[in-house]
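The structure appears right after this line, and notes come after that.
Residue numbers (this note's numbering): 530 to 795.
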């Protein structure tokens, strides 16, 4: 993977690309979840770069893409579009895990003609009707509640809550390591506040696949996915022996599910 950057007045965003030798190869863009970074897709990069151009990136506020000012999902969409423009990629398949699914959906709303398909990985839907007043209230409390934990306990709680396997836990802990407690809590507060502010109803005309870890216990993510699938008729695939970071917990099954979906694209 070749590391590259794009820069705006908000900050510098880092991304990594493995370009397939076939210039007509489809591009897959993997976007990680909250407080993680591009390293959560190591198993996907190794598998899919054989047949696709693959891009991973550190979302603004995360990993190498910090410091960053004025975070919003509209800005993440603008940054991703700048990455694709810099690489002369006209359209891509978006694969977003958790918060990365929000960023992917926002990109799809802002640049629908540039999206070939969307794969949600233990993420949640854009749409006003999915979230109750209670849901919105508790999302606003995440930052101050997280501050109540000692730093080491907070890191362990996040990693345990997001994973089902030792591989997943170790990967999440490695991604959390660079963050101090104040920064970590602030990132969570900013991200959820942005979602509550920018969430809107969405209907996508391109193919969509939803995936969900069998043991995902992050908030109401399972309930949101079942409601999302029921309302839209998007296929929902359960990844066995996996938690919220399903692509890390069980990469073999996850990659096979994604591969099958990609094979069916026009």
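We put the beta carbon where it would ideally sit given N, CA and C, even for glycine.
In whole angstroms, what is the alpha-carbon distance linking residue 671 and residue 706?
-> Roughly 20 Å between the two C-alpha positions.
Every unbroken alpha helix (DSSP H) within the stretch 647-680, with a cutoff of 4 residues, ordered by chain = 662-669, 671-676
Could you give the residue range of the beta strand (DSSP E) that holds residue 537?
-> Annotation for residue 537: the continuous beta strand (DSSP E) segment containing it runs 531-537.
Rank 741, 757, 746 by C-alpha distance to the C-alpha of residue 731 and give the top, closest one.
-> 757
Alpha carbon to alpha carbon, how far is residue 699 from residue 633? Give it in angstroms, no decimals.
-> 26 Å
Residue 583 versus residue 531 - alpha carbon distance = 11 Å
What is the rounded straight-line gap between the Cα of residue 692 and the Cα of residue 759?
-> 26 Å
Can residue 580 and residue 547 be called in contact, C-beta distance under 8 Å?
-> The criterion of a C-beta distance shorter than 8 Å is not satisfied by residue 580 and residue 547.
With 16 as the cutoff for other CB atoms within 10 Å, does residue 574 come out buried or exposed?
-> buried
Hey, residue 666 and residue 631: beta-carbon distance below 8 Å or not?
-> no
Does the stretch 650-665 come close enough to the stretch 584-596 to have 3 or more Cβ pairs within less than 8 Å?
-> The answer is no - the stretch 584-596 does not touch the stretch 650-665, with fewer than three Cβ pairs under 8 Å.
Look at the alpha carbon of residue 738 and the alpha carbon of residue 684, and state the distance between them as a whole number of angstroms.
-> 30 Å
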